[in-house]
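If you're matching positions, the sequence shown starts at 1 in the UniProt record's numbering and goes up one per residue. These notes are about the structure you will find just below.
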Amino acid sequence: MSAADADESETLTSVDLDGIKSHRLDDVPAVRRHLVRRSSRGPIVHATRDPTVSWTNQHLRPDRTPHEVFVELNELVIDRNQELQWRETARWIKFEEEVEEETERWGRPHIASLSFRSLLELRKTMAQGAVLLDLKQKTLPGIAQQVVEQMVISDQIKAEDRANVLGALLLRHRCIHPNIHPSIQPSNQPASLFLSTFLLLSSREVPQLCHSRSKHEVKLMEKIPERAEATVVLVGSVGFLDQPSMAFVRLQEAVLLESVLEVPVPVRFLFLLLGPPTANIDYHQIGRSISTLMSDKVSNFHEAAYQADDRQDLLTAINRFLDSSIVLPPSEVSGDELLHSVAHFQREMLRKREEEQKSCSSPADSLVPSKPGDEPLRRSGRLFGGLIKDVMRRYPQYLSDIRDALNPQCMAAIIFIYFAALSPAITFGGLLGEKTEGLIGVSELIVATALQGIVFSVLGAQPLLVIGFSGPLLVFEEAFYTFCKVNGIEYLTGRAWIGLWLVLIVVLTVAFEGSILVRFVSRFTQEIFSFLISLIFIYETFAKLVKIFQEHPLHNCYHGNNTESPSHCNYTMATGNPGKVVGEPNTALLSLVLMAGTYFIAFYLRKFKNSSFFPGRLRRIIGDFGVPIAILIMVLVDYSVQDTYTQKLNVPSGFSVSSPEKRGWVISLLGSDGQFPAWMMGASILPAILVFILIFMESQITALIVSKKERMLVKGTGFHVDLLIIVVVGGVSALFGLPWLSAATVRSVTHTNALTVMSKAVAPGDKPRIQEVKEQRVTGFLVAVLVGLSIVIGEVLRQIPLAVLFGIFLYMGVMSLNGIQLTERLILLLMPPKYHPNHNYVRKVRTLRMHLFTLVQLTCLALLWVVMATAAALAFPFVLLLTIPVRMLLLPRLFSRRELQSLCADQQWIIYRVRREYERAAFKAWKY
1 MSAADADESE TLTSVDLDGI KSHRLDDVPA VRRHLVRRSS RGPIVHATRD PTVSWTNQHL
61 RPDRTPHEVF VELNELVIDR NQELQWRETA RWIKFEEEVE EETERWGRPH IASLSFRSLL
121 ELRKTMAQGA VLLDLKQKTL PGIAQQVVEQ MVISDQIKAE DRANVLGALL LRHRCIHPNI
181 HPSIQPSNQP ASLFLSTFLL LSSREVPQLC HSRSKHEVKL MEKIPERAEA TVVLVGSVGF
241 LDQPSMAFVR LQEAVLLESV LEVPVPVRFL FLLLGPPTAN IDYHQIGRSI STLMSDKVSN
301 FHEAAYQADD RQDLLTAINR FLDSSIVLPP SEVSGDELLH SVAHFQREML RKREEEQKSC
361 SSPADSLVPS KPGDEPLRRS GRLFGGLIKD VMRRYPQYLS DIRDALNPQC MAAIIFIYFA
421 ALSPAITFGG LLGEKTEGLI GVSELIVATA LQGIVFSVLG AQPLLVIGFS GPLLVFEEAF
481 YTFCKVNGIE YLTGRAWIGL WLVLIVVLTV AFEGSILVRF VSRFTQEIFS FLISLIFIYE
541 TFAKLVKIFQ EHPLHNCYHG NNTESPSHCN YTMATGNPGK VVGEPNTALL SLVLMAGTYF
601 IAFYLRKFKN SSFFPGRLRR IIGDFGVPIA ILIMVLVDYS VQDTYTQKLN VPSGFSVSSP
661 EKRGWVISLL GSDGQFPAWM MGASILPAIL VFILIFMESQ ITALIVSKKE RMLVKGTGFH
721 VDLLIIVVVG GVSALFGLPW LSAATVRSVT HTNALTVMSK AVAPGDKPRI QEVKEQRVTG
781 FLVAVLVGLS IVIGEVLRQI PLAVLFGIFL YMGVMSLNGI QLTERLILLL MPPKYHPNHN
841 YVRKVRTLRM HLFTLVQLTC LALLWVVMAT AAALAFPFVL LLTIPVRMLL LPRLFSRREL
901 QSLCADQQWI IYRVRREYER AAFKAWKY
């Protein structure tokens with residue numbers, strides 16, 4: 001810089017201009033007249049009083065990683081004292097919230113709708129205004145100084161207006177708090193021009209004006225994502241300007257300007273727009289436009305704002321936003337029709353843009369895991385290699401499995417899952433006792449659930465799994481008992497030999513890493529099996545209720561002409577079995593009320609967790625304890641109705657088998673008379689294979705469902721370890737006449753849901769998302785212990801009506817249907833296509849083809865149900881396995897590869913197929 005230029009800059013202003021050297025200035029009109037000189041061979045060189053400062057040290061590339069944003073819009077208003085002030089009028093966390101003028105309260109969050117003209121005006125002002133990128137300032141006066149000087153340089157304001165604009169920038173800010181009435185807020189008189197200049201020259205921060213650590217601030221900070229950075233938008237009209245003046249500022253580092261924002265969020269961007277009232281622009285709408293762009297994530301304007309190198313990058317980002325926007329011409333169409341039309345048009349437009357972006361990148365890149373060694377279903381190639389990997393990956397986190405249980409939500413899960421585990425044990429135990437004529441009943445099932453649950457919770461790799469009895473195992477037990485009875489074979493001894501074969505089969509399977517075969521179980525089979533298990537729970541609930549209505553039929557009660565005579569209620573007290581009560585009046589109706597009441601209370605208390613009533617902490621407590629609350633309320637209802645009989649829980653008293661006259665706790669491998677046929681000892685391997693298939697399918701599919709990607713589990717799972725523990729413990733339990741158990745799908749999913757923590761940092765108007773799942777093994781251990789202690793507290797449990805547990809059965813069955821794509825597609829069968837949601841399989845698959853796929857799954861489901869309910873029940877495991885070749889061989893002939901990927905290809909299957917293709921390509925390259 002020449003001496004003349006230096007003298008000119010000295011006469012221009014007397015304030016220190018050292019800060020101006022640390023940011024880039026775009027080439028705007030008249031920039032060469034002031035302060036800077038553009039080089040023809042390199043970047044812009046800024047004026048500085050220290051010529052020894054090197055360009056390289058001053059322009060190290062700053063951090064441009066995009067952050068979550070919090071945007072606040074402030075407008076110039078006149079207060080009651082006829083003084084100018086900045087007033088907060090809107091804010092964006094994800095959606096827009098505006099301050100209602102009449103009540104000075106925040107309105108409901110909503111999607112911002114912008115006028116097309118305001119976007120064009122914004123683009124125009126951005127093209128002509130001042131753009132300051134990577135400004136190295138940490139105080140509001142320092143930022144204001146640079147903005148004003150750049151406005152003068154770009155001929156947006158006159159030199160004599162510098163002090164007025166500076167004073168406007170340093171006006172006090174008024175925050176909107178819901179607990180503070182505007183009439184009693186602190187005085188917000190503007191800073192005088194003299195005070196502004198003094199603060200500017202002394203480089204001191206503006207005093208704290210409107211900040212106090214209030215409940216409002218704490219609550220709002222919970223909704224703002226961590227590490228978020230703020231954008232401050234300042235717009236308004238002033239009388240001393242002749243034309244609109246704009247400045248867009250990106251700070252080199254986010255700094256706290258607590259005198260500006262209502263919350264302590266560091267500021268990274270500032271947007272200023274001032275102009276005369278006579279200008280033909282809407283300052284408020286332009287402010288809303290830039291605020292919406294900064295908070296938008298679809299067009300990625302705020303990412304471009306972080307990474308922009310010059311003004312043109314910002315203008316290009318605005319153009320991309322306009323490309324994704326829709327212009328609505330004026331019309332008289334009603335709101336619902338207009339909303340549907342806009343949503344459909346924008347959905348199609350964004351879909352095309354998404355496909356264009358995906359076509360530019362390889363789809364396999366996003367499917368192959370970055371760390372193949374962490375993949376649990378990848379073969380190691382050595383004996384017990386998968387088992388060793390599971391142990392090495394999961395057991396080092398054992399201590400954290402205990403620490404993570406120190407949470408109130410885990411306590412609520414223990415109470416809920418206790419009843420969720422006890423009620424199937426009692427219900428299935430009663431059914432099993434009927435099918436086996438008392439050889440295995442409630443006592444055996446409670447003991448098995450407790451012992452096997454304790455062992456698995458202590459040693460298992462995925463402690464979120466709940467071990468229990470299931471419908472398919474009940475089908476097998478009934479079929480095997482019938483076979484033994486027809487052929488004169490001792491049922492319990494046959495089960496003991498099956499248990500021994502089970503141990504051998506699972507050891508060989510784990511040794512050769514057979515659990516990796518579960519990757520062939522695609523979503524097609526998972527959905528059929530999950531839907532079947534949920535359907536069994538729902539069916540058993542209503543089947544038991546129908547049985548109650550049959551045993552206690554409704555009676556016509558009427559009064560005769562004689563008012564003194566009692567009611568003629570023709571019912572009888574019959575006892576088909578000793579101690580069994582039938583024919584009681586009002587029993588069926590009360591049972592229906594208890595079942596429905598338990599279900600609806602638990603269901604709506606769970607929804608209440610995400611409602612708007614009461615403080616958030618209280619809502620979460622009520623939602624977490626929804627099922628125990630429902631049980632308690634319905635037990636009190638039953639207790640209050642003294643004159644109506646209801647069947648109570650039949651919990652055994654004491655540690656004894658269900659039929660002491662028929663069996664003991666230890667089963668002889670040679671039979672009770674030592675004459676068990678030798679051929680059956682070897683032939684037991686066939687039913688053992690069937691039982692192993694059932695346990696393998698249910699346990700491994702349940703593990704896949706629990707460890708879905710959207711649940712965000714971080715500790716991983718262990719398919720080999722879990723299978724070994726479940727089958728070995730179950731096989732040994734058969735020597736004591738205890739039933740085999742597996743990872744129960746419905747109870748495991750319910751357990752995981754109960755331990756799921758939803759995010760608190762949720763934008764107003766947005767839905768909560770899964771933040772974490774409390775992956776620990778204490779809840780499963782305590783649930784198993786409590787189930788075992790149920791025999792001790794039998795007197796208390798005998799006060800619980802059986803219908804209440806039916807309500808829990810129904811609740812678990814219905815809730816486990818959520819998240820199954822088959823359930824969603826079944827609903828779509830009854831819905832016109834124009835109302836279909838914006839799911840991937842809806843957009844990429846034609847409606848009729850989607851319905852055809854649903855019908856194929858329903859056909860497989862119906863076939864499984866028929867096999868399960870007939871004499872062919874022993875073939876149920878094989879029929880379930882047939883769904884895998886149906887998926888692999890039949891469906892590719894009916895549907896295209898793209899349709900199958902959208903409808904049923906799960907992540908593990910895609911990873912496996914892509915990896916195999918890569919391995920084959922690598923082998924060919926090595927061979928040649």
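A virtual CB, placed ideally from N, CA and C, is assigned to each residue, including glycine.
Exercise. Measure the C-alpha to C-alpha separation of Q901 and L822 and round it to an integer number of angstroms.
Key: One Cα belongs to Q901, the other to L822, and the distance between them is close to 15 Å.
Quiz prompt | Rounded separation between Q409 and D624 - CA only | solution = 7 Å
Exercise. Identify every residue that forms a DSSP beta bridge with S100.
Key: Sequence inspection shows Glu at residue 100; the Ser mentioned does not correspond to that position. Partner(s): R105.
Self-check item: Test item: CB-CB of E68 and A308 under 7 Å
Solution: In this structure, E68 sits away from A308, with a CB-CB distance that is not shorter than 7 Å.
Exercise. Say yes only if the C-beta of F321 is nearer than 6 Å to one or more non-hydrogen atoms of the ligand SAH, and no if none qualify.
Key: This structure lacks the ligand SAH, and indeed carries no ligand of any kind.
Quiz item: Hey, how far is the Cα of T482 from the Cα of K435?
Solution: Distance between T482 and K435, taken at the CA atoms: about 9 Å.
Quiz item: Shortest alpha-carbon distance to T659 belongs to which of M294, M712 and V442?
Solution: Note that residue 659 is Ser in the sequence shown, not Thr. That would be V442, whose Cα lies nearest to the Cα of S659.
Quiz item: Rounded to a whole number of angstroms, what is the C-alpha to C-alpha distance between V866 and Y398?
Solution: 44 Å
Quiz item: Which value, in whole angstroms, describes the spacing of the CA atoms of A871 and F480?
Solution: Spanning the two alpha carbons is a distance of roughly 10 Å.
Exercise. Could you give the DSSP three-state label for A112: helix, strand or coil?
Key: coil
Quiz item: Beta-carbon separation of A413 and T103 under 7 Å?
Solution: no
Practice problem: Assign W665 to one of three DSSP states: helix, strand, or coil. | Solution: The answer is coil: DSSP assigns W665 none of H, G, I, E or B.
Exercise. Could you check which residue in R172, P244, V267 and H720 has the C-alpha nearest to that of L508?
Key: H720
Quiz item: Does DSSP classify P801 as helix, strand or coil?
Solution: Of the three classes helix, strand and coil, the one that applies to P801 here is strand, per DSSP.
Quiz item: Taking N890 as the reference, which of V856, L864 and G616 has the closest Cα?
Solution: The displayed chain sequence assigns Leu, not Asn, to residue 890. With distances taken between Cα atoms, L890 lies closest to V856.
Quiz prompt | Cα-Cα separation, K485 to F878 | solution = Cα to Cα, the separation comes out at about 23 Å.
Quiz item: Do the stretch 767 to 774 and the stretch 453 to 461 make contact, defined as three or more Cβ pairs closer than 8 Å?
Solution: The count of Cβ pairs closer than 8 Å, one atom from the stretch 767 to 774 and one from the stretch 453 to 461, stays below three, leaving the stretches out of contact.
Practice problem: Look at C904 and S534 and say whether their C-beta atoms are less than 7 Å apart. | Solution: no
Practice problem: Starting from the Cα of E101, find the closest Cα among R87, P109, A754 and L874 and give me that residue. | Solution: R87
Quiz item: How far does the alpha helix (DSSP H) with S400 in it reach, from first residue to last?
Solution: Y398 to R403
Quiz item: Who are T231's beta bridge partners in DSSP?
Solution: V71 and F269
Quiz prompt | H348 burial status per 10 Å Cβ neighbour count (16 or more: buried) | solution = The amino acid occupying residue 348 in the given sequence is Glu; His does not appear at that position. It counts as exposed.
Quiz item: Would you call P264 buried or exposed, if buried means 16 or more other Cβ atoms sit within 10 Å of its Cβ?
Solution: exposed
Exercise. Indicate whether L810 and T541 have their beta-carbon atoms separated by less than 7 Å.
Key: Result yes, Cβ atoms of L810 and T541 sit closer than 7 Å.
Self-check item: Element boundaries [beta strand (DSSP E), containing W86]
Solution: L84 to W92
Quiz item: Whose C-beta lies closer than 6 Å to the C-beta of F529 among residues of the same chain, with five residues either side of it excluded?
Solution: Around F529: I701.
Quiz item: According to DSSP, which residues form a beta bridge with G236?
Solution: L274
Quiz item: Are I157 and M151 touching if we call contact CB-CB under 7 Å?
Solution: yes
Quiz item: Which ranges would you report for the beta strand (DSSP E) in the stretch 709 to 770 if only whole runs of at least 3 residues count?
Solution: Within the stretch 709 to 770, the complete beta strand (DSSP E) runs of at least 3 residues are 756 to 758.
Quiz prompt | Three-way DSSP call (helix, strand, coil) for V260 in this model | solution = coil
Quiz prompt | Spatial neighbours of M294 in its chain, beta-carbon cut-off 6 Å, leaving aside the 5 residues before and after | solution = V69, V71, T231 and H302
Self-check item: Expected contact under 8 Å - CB spacing of L84 and I78 to nearest Å
Solution: 6 Å
Quiz prompt | C-alpha gap between S733 and N407, whole angstroms | solution = In this structure, the alpha-carbon of S733 lies about 33 Å from that of N407.
Quiz item: Considering only C-alpha positions, which residue in the set P244, A254 and W106 is nearest to L220?
Solution: W106
Quiz item: Do you know how far the Cα of L594 is from the Cα of E661?
Solution: 36 Å
Quiz prompt | Identified DSSP bridge partners for M246 | solution = L273
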